[in-house]
Structures are given as structure tokens and as C-alpha cells.
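Number of protein chains: 2
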Amino acid sequence: MELTTFNALAEPSRFRIVDILLKGPMTVGDIAERLEIRQPQASKHLKVLLDAGLVEVKAEANRRNYMLRSEPFMELDSWLNNYREIWNERFDNLDEYLKKLQSEGNKPD
Amino acid sequence: MELTTFNALAEPSRFRIVDILLKGPMTVGDIAERLEIRQPQASKHLKVLLDAGLVEVKAEANRRNYMLRSEPFMELDSWLNNYREIWNERFDNLDEYLKKLQSEGNKPD
DNA sequence: TTTAAATATTCCTTTACAGGAATATTCCCT
DNA sequence: AGGGAATATTCCTGTAAAGGAATATTTAAA
Chain A
15 MELTTFNALA
25 EPSRFRIVDI
35 LLKGPMTVGD
45 IAERLEIRQP
55 QASKHLKVLL
65 DAGLVEVKAE
75 ANRRNYMLRS
85 EPFMELDSWL
95 NNYREIWNER
105 FDNLDEYLKK
115 LQSEGNKPD
Chain B
15 MELTTFNALA
25 EPSRFRIVDI
35 LLKGPMTVGD
45 IAERLEIRQP
55 QASKHLKVLL
65 DAGLVEVKAE
75 ANRRNYMLRS
85 EPFMELDSWL
95 NNYREIWNER
105 FDNLDEYLKK
115 LQSEGNKPD
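Quick mapping for you: the protein sequence lines, in order, are chains A and B. Just so you know, we're using the numbering used here here: the first sequence kicks off at 15 and counts up by one. Just so you know, we're using the numbering used here here: the second sequence kicks off at 15 and counts up by one.
Shown next as C-alpha cells:
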């Protein structure tokens, strides 16, 4: 799992950019306008997202269309797999706890 | 989706703490030793994780046992749902592209 | 080839935050 | 009550990064 992914998403504007790009590719100016931030800031944030691999860009004449890449999200999903067992954990723990209690039944306290 | 979750996970030591806690609850001192960081830093990072709701703590005499909470991970998983369609996107896009081509067949260029 | 639009880059300032060292706090034990 | 272990907190310093303003760059069009 790439730490840069979390790093990129931790910043509010960048998080919103990713959210907006979910609806489709968008231009720098449109993104800036949508987020009510200035164009240079938008460019900077997009650069961070680009370096983190969260977005890709397709130059088209004057404009640059930014769009989401799927890989980081798949990677995030894959990383989450390790943690999915947590939300079954309580049952597992209860199970193990009962077994442990049983096996320790003859142990001197 | 809580930005604090990304923020908490963006820091290398905290990411490692979460990774380590996956194997089970652990004490502050053990975490510090395991990560080869100093105890105060461990406490500070754990405080951030605690405030972000990523971990919970159970005081036990002198020691404090930190363990993962499932909620933020479930929330992350739920957030990811919005993005899962991205990795089917290419097919959708191809589909739409073909339809568009067809509907534009009689358009003057 | 000049002009204008869209975007990127640079420089500056300010703020947030991580680490180090020292200290406070809490709890158990005798 | 006093001492020691485990943990939290505070203060300080350095650094990374975000925002603002100005400017550079690229491209299309006249």
C-alpha cells in the first residue's frame, strides 16, 4: 500500500477533486471553479494527485483533462482486505476465548 | 468519509502502528519497541489514531492496551464503493463510445 | 508573428506537525 | 506513604507543505 495515496487524499481540496472526478474527466479551470479555489492551487493539487498516481491527464489543445486512475483504488481495496476480518473479529475472539477458557480449565491459577 | 482517517494513515509510523495492531491489541511500550521509536512519540501517534477513531484503548492497571476499531475501516470500505465502478469503467466507456459513434453516424462532420 | 486563453511554475510567507528531551501523571507494590 | 514502572503531556525546534501573487509556458487563432 502506497502511503502517498493516503497523503494525497488527506488534503481537503484534493479529496474533493477526487470526488468530483468520479463523475468524469474534467479540466483544470472547471475544477478550480467548482471548488472555488484559484487556478494555481488547482494545478498544484493536481500535480500531487498525478505524482501519487491517483489521476492521469490527457492533453487536448490548450486544455488538460484530468481523470481518475483505477489502480490506487484497487490497491486500497486490496489493502482493506487485511482489515475486513476485523468486523468479524468479535465473533472470532469470542470463539477463541471460549476455547482458551476450556483448555485452561485444569491450569492452577 | 472522515478526512481524519486519511490524515492519520498518511504518517508512516501511524500506518505501521495500524498494521501491527492488526495482529491484536498491544501495549504502548511494545508498540514503541516494535517500531523502534521512543515512547512519547508512540503515545502521541496513538493519540492521533485515538482522536481519529481508528483505535480504542483499554486501561489495565499501569498499561494501556490499544486495539483497532472496525468502524473507520468499514467506512473506508463503504466510501470505496463509489469508486469500484471505476475499474469497470473502461468497458462502460467503450460501450458508450460505440453507441455515440452510431448515433452520430448521420451527423455532418 | 502577435494576442489571448489555459495551465504550470516560482517565490514568498505562514502554518501544521513530527521529533527530542524533560517532566508530569497514574497506578501497583511493599 | 514512598518508590518504581508505564504512559501522557509540555515545550522547543526544524521542516514540509499550503496558499497568494506574479510570471512563465504552451497552444490556438487572427
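We put the CB at the ideal spot given by N, CA and C, even for glycine. Note that the coordinates shown come from a computational prediction; the quantities given were computed from them, not determined experimentally.
Q: Check the Cβ-Cβ distances between Y97(A) and every residue of chain B, and say whether any is below 8 Å.
A: True, the Cβ-Cβ gap to chain B drops below 8 Å.
Q. Rounded to a whole number of angstroms, what is the C-alpha to C-alpha distance between L68(A) and L17(B)?
A. Their backbone Cα atoms lie some 17 Å apart in a straight line.
Q | 8 Å Cβ cutoff, I100(A) in contact with chain B | A | With respect to chain B, the C-beta atom of I100(A) has a partner C-beta closer than 8 Å.
Q.
Does any residue of chain A have a CB that is nearer than 8 Å to the CB of M40(B)?
A. With 8 Å as the cut-off, M40(B) does not count as an interface residue toward chain A.
Q) Any C-beta of chain A sitting closer than 8 Å to the C-beta of I34(B)? A) Chain A contact via Cβ: absent.
Q.
Under 7 Å, CB to CB, which of the residues in the stretch 67 to 94 of chain A have a partner in chain B?
A. Along the stretch 67 to 94 of chain A, the positions whose C-beta sits under 7 Å from a C-beta of chain B are L82, S84, F87, M88, L90, D91 and L94, read in chain order.
Q: Starting from the Cα of R83(B), find the closest Cα among V42(A), W93(A) and Y97(A) and give me that residue.
A: With distances taken between Cα atoms, R83(B) lies closest to Y97(A).
Q. Helix, strand or coil: which one does DSSP assign to R98(A)?
A. Here R98(A) sits in helix by DSSP.
Q: May I have the straight-line CA-CA distance separating L36(B) from L49(B), to the nearest angstrom?
A: Distance between L36(B) and L49(B), taken at the CA atoms: about 14 Å.
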